[in-house]
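If you read the sequence shown in numbering that gives the first Met the number 0, its first letter stands for residue 0, the second for the next number, and so on. Don't be surprised by glycine CBs; every beta carbon is placed ideally from N, CA and C. See structure below.
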Amino acid sequence: MIDFSKASEEEKGVFNNLSNIDFFFATLKLIEGTALYERESVIIFDEVQLFPIARQAIKHLVADGRYDYIETGSLISIHKNVENIVIPSEEEPINMFPMDYEEFRWAMGDVATMPLLKEMFQKGQSLGDGVNRKLMLDFRLYMLVGGMPQAVNTYLQTHDFSQVDKTKRGIIRLYMQDFNKLDPNERASTLFNAIPAQLYNNSSRYQPTQVLENTSNGRLAPILHMMEESKTVNIAWHADDPHVGMGLTTNRGAYKMYVCDTGLFVTLAFWEKDFTENIIYKKLLSDKLDANLGYVYENVVAQMLAASGNKLYYYTWPAPNNHFYEIDFLLSRGSKLCPVEVKSSGYNTHASLDEFCKKYSKRIKDRYLVYTKDLRKDKETLMVPMYMVPFL
Numbered sequence: 000m001i002d003f004s005k006a007s008e009e010e011k012g013v014f015n016n017l018s019n020i021d022f023f024f025a026t027l028k029l030i031e032g033t034a035l036y037e038r039e040s041v042i043i044f045d046e047v048q049l050f051p052i053a054r055q056a057i058k059h060l061v062a063d064g065r066y067d068y069i070e071t072g073s074l075i076s077i078h079k080n081v082e083n084i085v086i087p088s089e090e091e092p093i094n095m096f097p098m099d100y101e102e103f104r105w106a107m108g109d110v111a112t113m114p115l116l117k118e119m120f121q122k123g124q125s126l127g128d129g130v131n132r133k134l135m136l137d138f139r140l141y142m143l144v145g146g147m148p149q150a151v152n153t154y155l156q157t158h159d160f161s162q163v164d165k166t167k168r169g170i171i172r173l174y175m176q177d178f179n180k181l182d183p184n185e186r187a188s189t190l191f192n193a194i195p196a197q198l199y200n201n202s203s204r205y206q207p208t209q210v211l212e213n214t215s216n217g218r219l220a221p222i223l224h225m226m227e228e229s230k231t232v233n234i235a236w237h238a239d240d241p242h243v244g245m246g247l248t249t250n251r252g253a254y255k256m257y258v259c260d261t262g263l264f265v266t267l268a269f270w271e272k273d274f275t276e277n278i279i280y281k282k283l284l285s286d287k288l289d290a291n292l293g294y295v296y297e298n299v300v301a302q303m304l305a306a307s308g309n310k311l312y313y314y315t316w317p318a319p320n321n322h323f324y325e326i327d328f329l330l331s332r333g334s335k336l337c338p339v340e341v342k343s344s345g346y347n348t349h350a351s352l353d354e355f356c357k358k359y360s361k362r363i364k365d366r367y368l369v370y371t372k373d374l375r376k377d378k379e380t381l382m383v384p385m386y387m388v389p390f391l
């Protein structure tokens with residue numbers, strides 16, 4: 000692995016001449032002090048955005064065929080640092096997400112829970128309230144730490160939430176720096192900072208005019224595209240006509256924005272406070288999260304659905320008494336839809352789900368209410384605990 004954030008000039012200099020590939024590899028092995036084995040070794044270019052010449056070299060190195068290559072780095076900066084280089088067509092982009100809940104359980108040393116939960120979900124079998132309380136405690140730990148590998152590693156090494164919070168703040172600052180590289184007007188970083196406040200307001204859409212002055216959806220379109228492509232946020236777009244071809248009726252002027260990782264979201268929500276004042280840690284672990292902080296659960300559901308490969312869409316429509324019905328997420332399954340409503344605790348009613356399924360009865364496959372209690376069936380609605388969202 001060559002980490003270009005700390006690579007020496009000697010290491011970088013190897014890439015100046017690729018006319019003799021044999022000499023290139025001989026020199027590289029001498030500098031790195033590492034043996035390479037044909038068709039067995041992989042060479043990793045870490046933080047490749049800092050040294051675009053290495054990215055250009057991929058074209059010739061892949062054609063040589065001896066080894067495989069992985070390029071890693073900030074997607075925002077990778078897109079920016081392309082001047083005077085030939086972008087190799089040999090690159091195969093791979094979408095990376097924060098560690099999902101199953102991967103987090105692996106990191107905690109638990110490889111048994113998720114397969115068992117999947118089996119219970121498929122059978123529609125309840126777990127019991129006592130088991131659910133234990134599973135939700137485990138899940139709330141995931142919400143606090145998040146799935147960023149560096150934050151997970153900090154937790155494993157220290158079991159100290161203040162240290163985990165410090166690590167997450169460092170990651171968020173790097174996001175901000177990357178945003179400002181591509182958008183010196185700081186619109187992207189401002190939009191990102193405002194995500195918790197926008198969800199807290201429980202609006203049916205992100206309101207950019209509350210965050211930025213003199214803006215419009217047209218002006219923000221490239222900024223939103225850049226943020227979505229960077230995987231730093233998950234955007235749920237409004238489907239004006241909800242059916243399996245939701246991409247055809249997407250309203251680009253109406254959207255909800257979520258932080259890519261809920262651990263980062265928790266830290267961002269209390270960015271201006273010291274860790275000791277961050278009551279959300281205590282409230283989440285003790286299951287005493289206030290109802291008006293339920294947007295944290297909405298963010299983690301968005302994260303899990305995106306990690307499972309779902310495009311995110313939602314739907315709102317007028318309700319009596321100047322209110323709105325809202326379906327938090329719409330999943331496309333075959334030729335049908337699966338509406339998802341998210342509750343931050345238990346439930347009394349699920350009026351939006353009921354009305355949506357009446358309105359579009361012929362389009363519905365399954366209907367889900369995601370909440371913090373045990374797996375249950377309420378007539379046609381499957382009540383799904385948060386930790387089972389990956390199986391939807």
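Beta-carbon proximity check, residue i vs residue j, cutoff 8 Å
i	j	result
Cys337	Gln302	no
Val151	Ala106	yes
Asp164	Ser73	no
Phe138	Tyr386	yes
Pro241	Leu330	no
Pro389	Asp109	no
Asp327	Val341	yes
Lys255	Tyr313	yes
Val210	Ala187	no
Ile234	Asp182	no
Trp270	Asn250	no
Thr26	Asp45	no
Val300	Phe264	no
Tyr280	Phe103	no
Glu91	Ile57	no
Lys376	Gly123	yes
Pro394	Ala268	With the chain covering only 0 through 391, there is no way to say anything about residue 394.
Pro207	Leu219	yes
Glu333	Lys378	As written in the sequence, residue 333 is Gly, which differs from the Glu given in the question. No, they are not a contact pair.
Ile170	Met135	no
Ala53	Phe14	yes
Residue i in three-state terms, based on DSSP
i	result
Thr189	helix
Ile1	strand
Lys335	strand
Arg38	coil
Trp236	strand
Ile69	strand
Trp316	strand
Pro51	helix
Tyr205	coil
Ile43	strand
Pro389	helix
Thr394	Shown here, the chain extends from 0 to 391; a query on residue 394 therefore has no answer.
Ile171	helix
Glu325	strand
Ile363	strand
Val395	This structure cannot settle anything about residue 395, because the visible part of the chain is limited to 0 through 391.
Leu330	strand
Val341	strand
Leu60	helix
Leu181	helix
Leu374	coil
Leu126	coil
Cβ-based burial, residue i [other Cβ within 10 Å; buried from 16]
i	result
Leu49	buried
Asn309	buried
Arg172	exposed
Phe22	exposed
Val339	buried
Asn298	buried
Ala318	exposed
Val41	exposed
Met382	buried
His322	exposed
Leu190	buried
Ser229	buried
His349	buried
Thr380	buried
Val85	exposed
Ile1	buried
Cβ of residue i within 8 Å of any chain D Cβ
i	result
Ala350	Of the protein chains in this structure there is only one, and it is not chain D.
Touch test, the stretch 344-358 against the stretch 261-278, Cβ-Cβ under 8 Å, three pairs minimum = no
In the stretch 210-260, which residue ranges form an unbroken beta strand (DSSP E) of at least 3 residues, counting only runs that do not cross its ends?
-> 232-238, 249-258
Counting only runs that start and end within the stretch 97-122, where is the alpha helix (DSSP H) found for 4 or more residues in a row?
-> 100-106, 112-122
Does the stretch 117-137 come close enough to the stretch 55-68 to have 3 or more Cβ pairs within less than 8 Å?
-> no
Which runs of the alpha helix (DSSP H), 4 residues or longer, sit entirely within the stretch 131-158?
-> 148-157
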